[in-house]
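Engineer: One structure, pasted below without further comment.
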Amino acid sequence: MTVIDANPAPKAYVDRRQARSAWSLTAPALALMVLILLVPVLVALVLSFSNYSLGNSGFDWVGTQNYERLFTRSTYEKMFIATFTYVVTVVPISVGLGLGAALLVHSLGRIGDIYKTIYFLPVMATLLAMAIAWEFMLHPTIGMVNRTLEGACGTWFEAVPFFANGCAEGFPLWLGDRDYAIWVVCFIGIWQGFGFNMVLYLAGLTSVHRELYHAAEMDGAKSAWERFRLVTWPALGPTTVFVVTISCIRAFQVFDTIEAFWPQGGGPNKSAYVMMFAIFEKGIQQNLIGIGSAITMLFLLFVMFLTLIQRWLVERKVHY
Amino acid sequence: MTRDWWKHMVLILGTIIVLAPFYMMVSYSFKSPGEIDQGVGGFFGRQEQMIDPRCVALRQPDRADIEAARDRFAGQDDSGVQAALLAETEAACSMRPVVFNYSKAFTEAPLMRYLLNGVIVTVSIFLIQIVVALPAAYALAKLKFWGREAVFGLVLFCLLIPVHAIALPLYIMLAKLGLTNTYAALVVPWTISVFGIFLMRQFFMTVPDDLIDAARMDGMSELAIVWRVMLPTAIPALLAFAIFSIVAHWNDYFWPRIVVTGNRDLFTPPLGLREFKGDGDGSFFGPMMATATVIVTPLIVAFLIAQRRFIEGITLSGMK
């Protein structure tokens, strides 16, 4: 007590000095955060109400015209359809496969680690390079996929309509066929992402207490399914929330595969014209910055909304 | 084992699909164009001597060559000498397909330069991220100052903004500053890692205050404490973050695609591969797959050597 009374000035002095150094330590980060993250969001917001182009001296305010276009033009309708098809397909399947693989790998113990390593490879590999590899695999005539499928011709596989059709008239062009294009891109997205989800689930599984399983068994949960439903799934709740959010955000950002397959136009009949590609094409290649900014704002809105839902769920400490 | 056989079956099926494009990529990088076209030769190809047609076309013997070589083939007429020279050229231009593919990968495009650019960009991004993020993280974790909550709130808000999403306004700002097609454009947007600040703050919270107080007693400035006391304690977390950052930026295609147009000297490995794909014809499948293999290999090898660390690093975002 007396010590504090005796030295009021030095303590205040120390506090002030600490505050000063704290500000100087955070200053560079703070400045960059504002310049690189916040200012661009504002720039995009402002420009989305204009018809600005790089190189033009002036621009006009066009009100909400850019946004109106987004919701009326058929190109953008295709953009939304492609983006949501991709997200709605890739997220549940890659999360489901991730969980499935994690459960299998986990139950195998140490031998399972080899699968873990293999399934994680696509996460590490440069996606653009792998997209090109997939493009060769899916090449209509010399690709491995169609060659393998042709190998099934003349066997009982021909009973399946898909094979019967393929053997008679040739197998699909995959990337050149508008009925298949977006699904192929989805497939590659799943191929690339499920290993990541698996690893996150594996981390979640190691933290589930053994006793919980014993307790569940005592309570009559005899089958593996019952144990999963009553113990594993609820315990993995927080992991699931996180895995779903991060998969969604990554899925929204799909670009590399689309650009590698169709540098012009985003797929046959624009069937794979996703938002990131639209921002790239409209905003950067065609210099239509107003409309590009409007898509950017919409994109940010989706992503922020998703993350906020996740944070809200985590804060409620979901165990559903 | 017998009980688990179905699990292995399922996981092995997955393994085949996961590894197929890697298998094809490496295999094509070994094969001759003919073997790729016909889909023969197994994994390594037959590795028969092949003649590089472009090399022969470039070294077609002309009049002067025939005159110069007349002494060596004494007693032959012009066409005889020409035929002998042609045979020599073909011998000089023939090589194993694997040598052809990999030498073409490095000579057709400045692949070495691309790889070097990749290293320069990823390493500078990482170093700057650390220089900016560590002091801020330390201040947020260990220093008391007015406004700390606000700064941390800003960090949490900025976590919502993916840099790829604001690529368009960032591009406009860089273009206005005349910075497109520079190393700066490749590095600057990534210099602030809000995630890095958040992660390191969480880590620094666990460092005991006594350690810092002792350093202060010794008369260290706050900045010196960051680098000489906090940094050494943070090595494991930093290593994980390094992997996270380096993998992301080595593999990144979207951002370099936007800010680097045409200037090959600045191409990062994915851009170089993309360029290769753009101007290659069918006979370039081999060299192109060799390029892809060269680009993908460093990270894959590093991953196989230090799996645990890599999985920790890549799934870092799971620690949120």
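Residue numbers (my numbering), protein chains in the order written: chain A, 1 to 320; chain B, 1001 to 1320.
Note that CB positions come from ideal geometry on N, CA and C, so glycine has one too.
(1) Go through its chain and collect everything with a Cβ distance to residue 48 (chain A)'s Cβ below 6 Å, but skip five positions before and after it.
(2) Taking Cβ positions only, does residue 65 (chain A) come closer than 9 Å to chain B?
(3) Of all the alpha helix (DSSP H) runs that stay within the bounds of the segment 1038-1083 of chain B, which reach a length of 4 or more residues?
(4) Which of the three DSSP states, helix, strand or coil, is assigned to residue 1027 (chain B)?
(5) Could you check which residue in B:1134, B:1105, B:1108, B:1215 has the C-alpha nearest to that of residue 1234 (chain B)?
(6) With distances taken Cα to Cα, identify the nearest neighbour of residue 1097 (chain B) among B:1053, B:1271, B:1155.
(7) Using the DSSP secondary-structure output, state which residues sit across from residue 61 (chain A) in a beta bridge.
(8) Would you kindly work out how many angstroms separate the C-alpha atoms of residue 204 (chain A) and residue 45 (chain A), rounded to a whole number?
(9) Which first and last residues belong to the alpha helix (DSSP H) in which residue 1147 (chain B) is found?
(10) Spell out a yes or no on whether the segment 147-163 of chain A and the segment 227-244 of chain A are touching, meaning 3 or more CB-CB pairs, one atom from each, closer than 8 Å.
(11) Which residues in chain B have a C-beta closer than 9 Å to the C-beta of residue 253 (chain A)? List them in chain order.
(12) Rounded C-beta distance between residue 136 (chain A) and residue 1050 (chain B)? I'm assuming under 8 Å.
(13) Strictly below 8 Å CB to CB, what residues from chain A border residue 1141 (chain B)?
(14) Any beta-carbon of chain A closer than 9 Å to the one on residue 1251 (chain B)?
(15) Interface residues of chain B around residue 259 (chain A) at Cβ under 9 Å?
(16) Label residue 1042 (chain B) either buried or exposed according to how many other C-beta atoms from any shown protein chain fall within 10 Å of its C-beta, with 16 as the threshold for buried.
(17) How about residue 276 (chain A) and residue 305 (chain A): are their beta carbons less than 9 Å apart?
(18) So what does DSSP say about residue 6 (chain A), is it helix, strand or coil?
(19) Put residue 1 (chain A) into one of helix, strand or coil per three-state DSSP.
(20) Between the Cα of residue 1293 (chain B) and the Cα atoms of A:131, A:256, A:215, which residue gives the shortest distance?
(21) Find out if the Cβ-Cβ distance for the pair residue 1253 (chain B), residue 283 (chain A) is shorter than 9 Å.
(22) For residue 1164 (chain B), count neighbouring C-beta atoms within 10 Å of its own C-beta (all shown protein chains included) and say buried if the count is 16 or more, exposed if not.
(23) Taking contact to mean 3 or more Cβ pairs, one atom from each stretch, closer than 8 Å, check whether the segment 192-209 of chain A and the segment 235-242 of chain A are in contact.
(24) One question on the structure: do residue 1257 (chain B) and residue 1273 (chain B) come within less than 9 Å of each other, judged by their Cβ atoms?
(25) Return the residues of the segment 137-150 of chain A that lie within a Cβ-Cβ distance of less than 8 Å from chain B, sorted by chain order.
(26) Since I believe residue 1287 (chain B) is in contact with residue 1104 (chain B) (beta carbons under 8 Å), could you give me their beta-carbon distance rounded to a whole number of angstroms?
(27) Report the partner residues of residue 1095 (chain B) according to the DSSP bridge assignment.
(28) Between the Cα of residue 75 (chain A) and those of A:313, A:267, A:307, spot the shortest distance and give me the residue it belongs to.
(29) Going by Cα to Cα distance, which pick from B:1075, B:1055, B:1079 is closest to residue 1065 (chain B)?
(30) Quick one: is residue 1194 (chain B) near chain A, going by C-beta distance under 9 Å?
(31) Alpha carbon to alpha carbon, how far is residue 170 (chain A) from residue 153 (chain A)? Give it in angstroms, no decimals.
(32) Is residue 1245 (chain B) helix, strand or coil by DSSP?
(33) Select from the segment 1104-1132 of chain B all residues with a C-beta closer than 7 Å to any C-beta belonging to chain A, and list them in chain order.
(34) What residues in its chain sit with their C-beta under 6 Å from that of residue 1012 (chain B), if we drop five residues either side in the sequence?
(35) Would you tell me roughly how many angstroms separate the C-alpha atoms of residue 1157 (chain B) and residue 1030 (chain B), rounded to the nearest one?
(36) Indicate whether residue 1251 (chain B) and residue 125 (chain A) have their beta-carbon atoms separated by less than 9 Å.
Structural biologist: To lay it out plainly:
(1) 66, 293, 294, 297
(2) Chain B contact via Cβ: absent.
(3) 1053-1058, 1063-1069
(4) helix
(5) B:1134
(6) B:1053
(7) A:50
(8) 39 Å
(9) From DSSP, residue 1147 (chain B) is part of no alpha helix (DSSP H); its letter is neither H nor E.
(10) Contact between the segment 147-163 of chain A and the segment 227-244 of chain A is not established, with fewer than three Cβ pairs separated by less than 8 Å.
(11) Residues of chain B passing the Cβ test: 1162, 1164, 1165, 1254.
(12) The Cβ separation is near 20 Å, so there is no contact.
(13) What residue 1141 (chain B) touches in chain A: nothing, since even the nearest Cβ is about 11 Å away.
(14) With 9 Å as the cut-off, residue 1251 (chain B) counts as an interface residue toward chain A.
(15) Residues of chain B whose Cβ lies closer than 9 Å to the Cβ of residue 259 (chain A) are, in chain order, 1253, 1254, 1257, 1274.
(16) exposed
(17) no
(18) Low local confidence applies: a pLDDT of 46 at residue 6 (chain A) is under 50, so the model's placement there is unreliable, and no value is given.
(19) For residue 1 (chain A), the predicted model reports a pLDDT of 41, less than 50, meaning its position is unreliable; a value from the coordinates is still stated below. Coil, per DSSP.
(20) Of the listed residues, the one whose Cα sits closest to residue 1293 (chain B) is A:131.
(21) No.
(22) buried
(23) Taking 8 Å as the limit for Cβ pairs, the verdict is that the segment 235-242 of chain A does touch the segment 192-209 of chain A.
(24) no
(25) Under the 8 Å Cβ criterion, the segment 137-150 of chain A contributes 137, 142, 144, 147.
(26) 4 Å
(27) Bridge partners of residue 1095 (chain B) according to DSSP: B:1050.
(28) Taking only the C-alpha atoms, the option nearest residue 75 (chain A) is A:267.
(29) B:1079
(30) yes
(31) Residue 153 (chain A) and residue 170 (chain A): Cα-Cα distance of roughly 11 Å.
(32) helix
(33) Within the segment 1104-1132 of chain B, the residues whose Cβ lies closer than 7 Å to some Cβ of chain A are 1132, listed in chain order.
(34) none
(35) Whole-angstrom Cα-Cα distance: 49 Å.
(36) yes
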